[in-house]
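Participant: Here you go, one structure.
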Amino acid sequence: MRYSKFLHSTLHPKFATKMTFSAKTILITGGAKRIGRQMAITLHNAGHNIVVHYRSSSGAADELVRNLNDQRAESATAVQGDLLDLSCIPGLIQHCVDAFGHLDVVINNASTFYPTPIELIEDDFWKDLIGSNLKAPAFIVKEAAKHLRESNGCIINIVDIHARNPMANHPIYCSAKAGLEMLTKSLARDLAPQVRVNAIAPGAILWPEKDEGMATQKEVLEKIPMGRMGQPEDVAKLVRFLIDEADYITGQIIAVDGGRSVMI
957 MRYSKFLHST LHPKFATKMT FSAKTILITG GAKRIGRQMA ITLHNAGHNI VVHYRSSSGA
1017 ADELVRNLND QRAESATAVQ GDLLDLSCIP GLIQHCVDAF GHLDVVINNA STFYPTPIEL
1077 IEDDFWKDLI GSNLKAPAFI VKEAAKHLRE SNGCIINIVD IHARNPMANH PIYCSAKAGL
1137 EMLTKSLARD LAPQVRVNAI APGAILWPEK DEGMATQKEV LEKIPMGRMG QPEDVAKLVR
1197 FLIDEADYIT GQIIAVDGGR SVMI
């Protein structure tokens, strides 16, 4: 593949000639694990073709794609790329088109998350958090816009309830997600009427991979009106609705948080 410098492809040779026009082609960045994985499963169960992007989770990505293809042959593929290296993005988008002949949906889900107390901020933290959460989605859309216009497609950006109500000691991350909210609204205006653009703001769905600690978890749960954690399925079901049912919804930021954002 001509983008092999930046991308490792699990593209089946037959993908280039066999296309499923009744199914949408959906790119999910960071789609190998956690919420991204559940979105891939839910959307695949709805009959769509899935492109799972990953940066370093090759084992999880390959296993997910293998399971999806076992259920429906030639319906999923994985592609590697470090989104901080913008030169990989054209190949990422071309991979989707080569695999299924068209690109209908982009889900900007890949994200970097960690605290950056103001006294400890470094330029590398800024480049990483802004790059993964805001800059990369913008350049992905830039590259995908032509294909999405042709297919009357849609874009879903995964933001965070803390884009509007900041989390302590996360100024760069929260700023990046706030920027992604505005990017969502701006693109919804600029890409209409061919392309719809919305964002989903999850609350407490999964704890960070580096656990916050049980005391903090207890405090968070006490602030959720629904009285419980959400599940990845809660986000995935909304994603499916925005793709398959919401033809007249664009420019919206929808919280999936059990009501927590009204309590912050």
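Under the working numbering, the very last position in the sequence shown is 1220; numbers go up by exactly one each time. Beta carbons are placed, not taken as given, at the ideal position from N, Cα and C, and that holds for glycine.
(1) Hey, quick one: how far does the beta strand (DSSP E) through L1154 stretch, first residue to last?
(2) I believe G987 touches N1113 by the beta-carbon criterion, under 8 Å. Please report the beta-carbon distance rounded to the nearest angstrom.
(3) Can you list, in chain order, the residues of its chain with a C-beta nearer than 7 Å to that of K961? Leave out the 5 residues immediately preceding and following it.
(4) Are V1008 and T981 closer than 9 Å when you measure CB to CB?
(5) Expressed to the nearest angstrom, what Euclidean distance is found between the alpha-carbon atoms of E1230 and L1040?
(6) Between which two residues does the alpha helix (DSSP H) carrying V1195 extend?
(7) Roughly how many angstroms lie between the CA atoms of K1098 and S1107, to the nearest whole one?
(8) Based on the DSSP secondary-structure assignment, which residues constitute the bridge partners of A1032?
(9) Note down the Cα distance separating T985 from I1205, rounded to an integer number of angstroms.
(10) Which partner residues of T981 appear in the DSSP bridge assignment?
(11) Do A1017 and I1049 have their beta-carbon atoms positioned less than 9 Å apart in this structure?
(12) DSSP puts A1211 in a beta bridge; with which residues?
(13) Express the C-alpha separation of K1193 and V1218 in angstroms, rounding to a whole number.
(14) In whole angstroms, give me the CA-to-CA distance for T1072 and R1028.
Facilitator: Once the coordinates are examined:
(1) For this step, residue 1154 is matched to residue 198 along the sequence shown. Rather than Leu, the amino acid found at residue 1154 in this sequence is Asn. From DSSP, the beta strand (DSSP E) with N1154 extends over 1152 to 1158.
(2) Numbered from 1 along the sequence shown, position 31 holds the residue referred to as residue 987. Numbered from 1 along the sequence shown, position 157 holds the residue referred to as residue 1113. With 8 Å as the limit, G987 and N1113 do not qualify as a contact, their Cβ atoms being about 14 Å apart.
(3) As a working note, residue 961 is residue 5 in the sequence shown. Caution is warranted here: a pLDDT of 33 is assigned to K961, below 50, making its placement in the model unreliable, and the coordinate value is therefore given only provisionally. Closer than 7 Å at Cβ, skipping near neighbours: no residue.
(4) Here residue 1008 corresponds to residue number 52 of the sequence shown, with the count starting at 1. Here residue 981 corresponds to residue number 25 of the sequence shown, with the count starting at 1. It is not a contact, given that the beta carbons lie outside the stated cut-off.
(5) This structure cannot speak to residue 1230, because the chain is shown only from 957 to 1220.
(6) Your numbering for residue 1195 matches position 239 in the sequence shown. Its alpha helix (DSSP H) spans residues 1188 to 1200.
(7) On the sequence shown, position 142 is the one that residue 1098 refers to. On the sequence shown, position 151 is the one that residue 1107 refers to. About 15 Å.
(8) Stepping through the sequence shown from its first residue, residue 1032 is reached at position 76. Answer is I1006.
(9) Residue numbering aside, residue 985 sits at position 29 when the sequence shown is read from its first letter. Residue numbering aside, residue 1205 sits at position 249 when the sequence shown is read from its first letter. C-alpha separation (whole angstroms): 22 Å.
(10) As a position in the sequence shown, residue 981 is number 25, starting the count at 1. Partner(s): N1005.
(11) For the purposes of this step, residue 1049 is taken as the residue at position 93 of the sequence shown. For the purposes of this step, residue 1017 is taken as the residue at position 61 of the sequence shown. No, they are not a contact pair.
(12) Residue numbering aside, residue 1211 sits at position 255 when the sequence shown is read from its first letter. The partner list for A1211 (beta bridge, DSSP) reads A1157.
(13) Position 262 of the sequence shown holds residue 1218. Position 237 of the sequence shown holds residue 1193. The alpha-carbon atoms of V1218 and K1193 are separated by roughly 22 Å.
(14) Translated into the one-based positions of the sequence shown, residue 1072 becomes position 116. Translated into the one-based positions of the sequence shown, residue 1028 becomes position 72. So the two alpha carbons sit approximately 43 Å from each other.
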